[in-house]
Structure formats: C-alpha cells, structure tokens
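Each residue of the sequence shown is one higher than the last, beginning at 1088 in the numbering used here. Note that CB positions come from ideal geometry on N, CA and C, so glycine has one too. Below is one structure, written out as structure tokens; comments come after it.
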Amino acid sequence: MTALTIRRPDDWHLHLRDGAELAAVLPFSAARFARAIVMPNLKPAVTSTAQALDYRRRVLAALPAGAAFEPLMTLYLTDDTPAAEVERARASGCVFGFKLYPAGATTHSESGVTDIRHIMPVLERMAELGVVLQVHGEVTDPAVDVFEREPRFIERTLAPLVERLPQLRIVFEHITTRAAVNFVLGARAGVAATVTPQHLLMNRNALFAGGIRPHHYCAPVLKAEAERAALLSAVTRGSARFFLGTDSAPHARRAKETACGCAGIFSAHAGIELYAEAFEAAGALDKLEGFAARHGADFYGLPHNAATLTLVREPWKVPDHYPFGADQLVPLRAGERIAWRLAPPTARPHP
Ligand code: NCD
Ligand code: ZN
C-alpha cells in the first residue's frame, strides 16, 4: 500500500500552550486534526468557563488562514472547583470536559486535586449533566514505584470512582499499561481511554538509548516492552473504547535538556503519521480510522468529520528542531525518519 485515505481524525488529548508557543505549535495540529480536546494546564490553570472561553478565542486567533480546526476546551479541576461551574461549562457549548490532575502528578499539576473526596459534588453534577471527566491516572504517593503509579491509581482511585458514580463518563488519559487496557475493557459503559503515539512505538529502553534521552521523557513515563505490546494489541483490535490522544506536550529545549527536565513529548508535527507507523507494524492499518476518527467522536457524542485526510508511504526526515517562541522545540524523531507523510490537501471539487 502506498497511500491511505481516512476520515479526518481528531486529537482527544492535546497541549497547545499559549502566546508565541501556541502560535508555533498550533499549525501542526490544525493541518492534521479537525478537532482537539485542549488541555487546561496553563500557568495559571484554566479553571473557569470564562477563562476557557478566553483561551478558546486565543486559539482561534492563532489559527493559520484557511485552517479548519475546532478547539474543544476543558477545565482544570481543583479542590475548590464549585459544582455550579459544571452548569456554566455545559451551557457555554464550548467546554467538553473537566480534567483531573492529581496534585503533583505531572507538568503544571501543582493546583490539581489533593483528594478526590474534595471534588465529589462536582463529579456528581458532571454525572448528572453528562459532562466528561478526563483523568491523569497516576498516584502521586512518592513511596510508589514510578512504573507502578498507573496500576495503583486504578486500584485506589479509578475503580472505586467508576462504581460510585455509575453515570459519570470517564476518559482514562494516555494509558500505558496492560492493567489499564484490561481495566478499560472490563469496565462498565461510559469508560474509555486515549493512547499516545510514543506509548505505542517506544518502550522504556528509549529513555536510555546510548545515554539519557530527555526528549523521550513524558508522564506517564514509557513502560516495559510487554506493556507497549499490550497497548498496541488493544488499539489494533478495534475496540471503540480506545481512541487517539497524542498528548503532544511541547516544552522549550532549555526546559528539557537540563538537570531536572520537564515531562512532555512533542508529537504534533507527525500526530497522525506516527500512529500510521504503529498500526502498520501491527498489520492493522484498517483499524486506524476507527481509532483516529470515529471512536472518540462517538464517545463525546459529536459527529464524525466529513472531510478526509491522505497519508502517503513515503519516508521523510524530521527536522532537528522547530522554532518555539524565543527557544527551540525538539520534536519526537528529531533528525530521524518517519515512514508516512501527510499528503497535501486536495482541492474540493466545486459543487
Ligand atoms: C504534559 C505537559 O507537559 O503539559 N506532560 C506530559 O508529559 N504528558 C502534562 C500531562 O499530560 O501529563
Ligand atoms: Zn497531557
């Protein structure tokens, strides 16, 4: 096969940042994805509907001319989020979920939730109104091994929550383990998960290939090969419970290449191409469209995109870095090849 045409995909987990950084990364996502769930972990965090609407306007203003891209906004849950915010968010028509960051779990999660009991009234209101909860599923207990934080979160927090609020719609974000795959497959209706390209393509050896590799560091951290294989096998079997969420998380080169580097991998420059590689390696390119363009929309109750996107099997070399405000951005596969290339959009025939 040399070309693959699919319905235009959506990215159900994306970090767009703000200001000059937003302007630098947004065109990559807008060229590939019709819609994206935009994460709220700015500094300060996007905690109110009013802030989300402002942020949405900044995203729309930063779009390249002619781009067709819809940002789907989210709010950042804190211990103090009022239940009334759920109604405001819902009424806005522009907010598509609330993100739960356990305090301290990842980049800009300082103001996250310290104990899920603090937000039960908010979660109950979300369940009533059908508003989606997006979960960063890792415990923050420093006594727990970093590779075990996702399985422990399932046991301690997620499984009890799923049972306690049977109507709550939950996306377990960027899952990385067989335990998470099995949990999602066995859970009640209304529980799904996003999967990143890095967790399908790399295992934890990639963090230490010839030396320490800060650009392969993200949260949740890359896992062992058996976990990667379980994820790839899950998404390529075609279950509607799994869908595309790049978790593309750009950080300035300076903030990555340092003694205490930030978590986050930038992948938006090849946000669909990398998944094509992973699905091709599993002999499952026929399952890519469901994962990238249907399952997520169905979960969020949104229409499928009408437009299409074509990928060509033609390797290209990823630049060493892209401009990023006053700094540089080192993308996933910097200086290396990616097997699939995005075909330029073909002009729509006149009606
Ligand atoms: C994300 C970021 O940089 O905002 N980093 C990451 O490693 N994924 C935060 C997150 O999604 O956990
Ligand atoms: Zn993220």
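Local Cβ density within 10 Å of residue i, reported as buried at 16 or more and exposed below that
i	result
GLN1254	exposed
VAL1233	exposed
LEU1147	exposed
ASN1392	buried
ARG1256	buried
PRO1158	buried
ILE1299	exposed
ARG1144	exposed
PRO1410	exposed
THR1092	exposed
SER1335	buried
GLU1312	exposed
ALA1107	exposed
GLU1344	exposed
Whole-number beta carbon distance between residue j and residue i, since they are thought to touch under 8 angstroms
i	j	result
VAL1226	ARG1236	5 angstroms
THR1134	TYR1163	5 angstroms
ILE1262	ALA1280	5 angstroms
ALA1123	LEU1101	4 angstroms
LEU1375	PRO1284	So it is not a contact: roughly 12 angstroms between Cβ atoms.
LEU1220	GLY1184	7 angstroms
PHE1366	THR1323	6 angstroms
Per-residue DSSP class, three states only, for residue i
i	result
GLN1138	helix
GLN1285	helix
ARG1265	helix
SER1404	In the sequence as presented, Ser is not what sits at residue 1404; that position holds Lys. Strand, per DSSP.
ILE1124	strand
THR1244	helix
LYS1310	coil
SER1326	coil
ASP1098	strand
LYS1186	strand
PHE1115	helix
LEU1162	strand
SER1320	helix
ILE1203	helix
ARG1104	coil
TYR1387	helix
PHE1411	strand
VAL1399	strand
LEU1429	strand
ARG1424	strand
Other residues of its chain near residue i: CB distance less than 7 angstroms, five sequence neighbours each side excluded
i	result
VAL1173	VAL1209, ARG1212, MET1213, LEU1216 and VAL1218
ASP1202	none
ALA1314	According to the sequence as given, residue 1314 is Glu; it is not Ala. Excluding residues within five positions, the ones whose Cβ falls inside 7 angstroms are THR1263, THR1264 and ARG1265.
HIS1338	CYS1349 and GLY1351
PRO1151	PRO1114 and ALA1117
Pairwise C-alpha distance: residue j and residue i
i	j	result
HIS1205	LEU1252	15 angstroms
PRO1431	ALA1171	45 angstroms
GLU1197	LEU1129	11 angstroms
LYS1310	MET1289	8 angstroms
ALA1346	ALA1316	31 angstroms
ALA1399	ALA1090	Checking the sequence shown, residue 1399 turns out to be Val, not Ala. Cα-Cα distance, rounded: 4 angstroms.
ALA1293	THR1397	29 angstroms
GLY1351	ALA1306	7 angstroms
VAL1200	GLU1250	20 angstroms
ALA1421	ALA1178	42 angstroms
ALA1274	ARG1381	20 angstroms
VAL1112	LEU1103	7 angstroms
PRO1127	ALA1357	22 angstroms
LEU1187	PRO1169	14 angstroms
VAL1037	ALA1137	Outside the shown range of the chain (1088 to 1438) lies residue 1037, about which nothing can therefore be said.
GLU1242	ALA1118	39 angstroms
ARG1095	PHE1120	6 angstroms
HIS1286	VAL1278	20 angstroms
ALA1155	ALA1355	16 angstroms
GLU1364	ASP1167	42 angstroms
GLY1388	LEU1272	20 angstroms
Close beta carbons around residue i, own chain, < 6 angstroms, minus the five adjacent residues each side
i	result
GLY1332	TRP1099, HIS1100 and THR1281
PHE1240	GLY1224, GLU1225 and VAL1226
PRO1438	Reliability of the predicted coordinates at PRO1438 is poor, the pLDDT of 44 falling under 50, and the value obtained from them is presented with this limitation in mind. Around PRO1438: no qualifying Cβ.
VAL1417	HIS1302, ARG1340 and HIS1408
ALA1149	LEU1109, ALA1110 and LEU1113
ALA1369	LEU1319 and THR1323
Nonlocal neighbours in the same chain, by C-beta distance under 8 angstroms from residue i, ignoring five residues either side
i	result
TRP1403	ARG1424, ILE1425 and ARG1428
GLY1377	GLY1325 and ALA1327
PRO1390	ALA1384
VAL1231	ARG1239
Contact test: residue i Cβ vs the ligand FAD heavy atom, cutoff 7 angstroms
i	result
GLY1191	The model on display carries the ligand NCD and the ligand ZN but not the ligand FAD.
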